[in-house]
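Asker:
In the working numbering, the protein residues as written are 803 to 864.
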């Protein structure tokens with residue numbers, strides 16, 4: 803698995819988990835999906851993505 807596919811997998815999973823938690827636990831969990839979306843937008847402009855740094859340290863390929 804490459805870093806790009808791992809970041810996409812993590813982001814998609816976090817959005818789906820956030821939606822499920824906002825339905826079944828509390829509506830404020832939607833803030834997690836907003837944060838993930840904001841992080842994706844800022845990383846497309848700046849190139850800085852914290853999960854990619856973590857995945858690189860874990861040994862995933864570029």
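For each residue, glycine too, the CB sits at the ideal point set by N, CA and C.
1. Assuming residue 817 and residue 853 make a contact with CB atoms under 8 Å, what is their CB distance in whole Å?
2. Look at residue 811 and residue 820 and say whether their C-beta atoms are less than 8 Å apart.
3. Could you give the distance in angstroms between the alpha-carbon of residue 830 and the alpha-carbon of residue 838?
4. Determine, using beta carbons only, whether residue 804 and residue 863 come nearer to each other than 8 Å.
Answerer: With the structure as the only source:
1. Numbered from its first residue, the chain shown carries residue 817 at position 15. Numbered from its first residue, the chain shown carries residue 853 at position 51. Actually they do not touch by this definition, with Cβ atoms about 13 Å apart.
2. If you number the chain shown from 1, residue 811 lands on position 9. If you number the chain shown from 1, residue 820 lands on position 18. No; because the gap between Cβ atoms is not below 8 Å, this pair is not in contact.
3. Residue 830 sits at position 28 when you count from the first residue of the chain shown. Residue 838 sits at position 36 when you count from the first residue of the chain shown. Taking the straight line joining both Cα atoms gives about 14 Å.
4. Along the chain shown, read from residue 1 onward, the residue named residue 804 stands at position 2. Along the chain shown, read from residue 1 onward, the residue named residue 863 stands at position 61. In this structure, residue 863 lies closer than 8 Å to residue 804 by Cβ.
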